[in-house]
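What follows is a set of notes on a single structure, which appears directly below.
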Amino acid sequence: MNLPQQTCCVVLLAVLFQLCFSASINKCGPNAIIYPTTPCDTFCDGMIAPCSYVFDKCGCVGGYVRDNQGNCISAGNCPDESR
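Numbering (mature numbering (1 follows the signal peptide of the UniProt record, and there is no 0)) for the sequence shown: -22 to -1, 1 to 61.
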């Protein structure tokens, strides 16, 4: 293998290693994942969190919003007073 091929293989292995270990240890809590780009979470009251330039940040998965404690819950489970 020449140097560009070796470099490509090393980078690919590093990315796969990172994906394997970050997927197995979810530091985000239930219904949330680490996004490689900046997530802009929506809250039960309809507010949208300001987007930041922080990457690899936890965000709610699709169809989920943050409650007033910051947990990701199904949008249908928001308290009536916050809709």
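Glycine is no exception: its CB is placed at the ideal position from the N, C-alpha and C atoms.
To the nearest angstrom, how far is the alpha carbon of residue i from that of residue j?
i	j	result
Val43	Asp19	7 Å
Asn55	Asn(-21)	56 Å
Val39	Lys5	14 Å
Ser30	Pro17	8 Å
Ser52	Thr(-16)	43 Å
Ser2	Lys35	Reliability of the predicted coordinates at Ser2 is poor, the pLDDT of 46 falling under 50, and the value obtained from them is presented with this limitation in mind. Ser2 and Lys35: Cα-Cα distance of roughly 16 Å.
Phe33	Ala27	15 Å
Pro14	Met25	22 Å
Ser60	Asn9	Summary for Ser60: the model assigns pLDDT 48, below 50, so the residue's position carries little reliability; its value from the coordinates is reported in the next sentence. Looking at the two C-alpha atoms, the distance is approximately 20 Å.
So, using beta-carbon positions, are residue i and residue j closer together than 8 Å?
i	j	result
Asn46	Gly7	no
Gly41	Ile11	no
For the beta strand (DSSP E) that contains residue i, what are its first and last residues?
i	result
Gly37	Lys35 to Cys38
Ala10	Ala10 to Tyr13
Val43	Tyr42 to Arg44
Could you give the C-beta distance for residue i and residue j, rounded to a whole number, given that I count them as a contact under 8 Å?
i	j	result
Cys22	Pro57	7 Å
Check whether the Cβ of residue i lies closer than 7 Å to any heavy atom of the ligand PLP, and answer yes or no.
i	result
Lys5	In the structure on display, the ligand PLP does not appear, and there are no ligands present to speak of.
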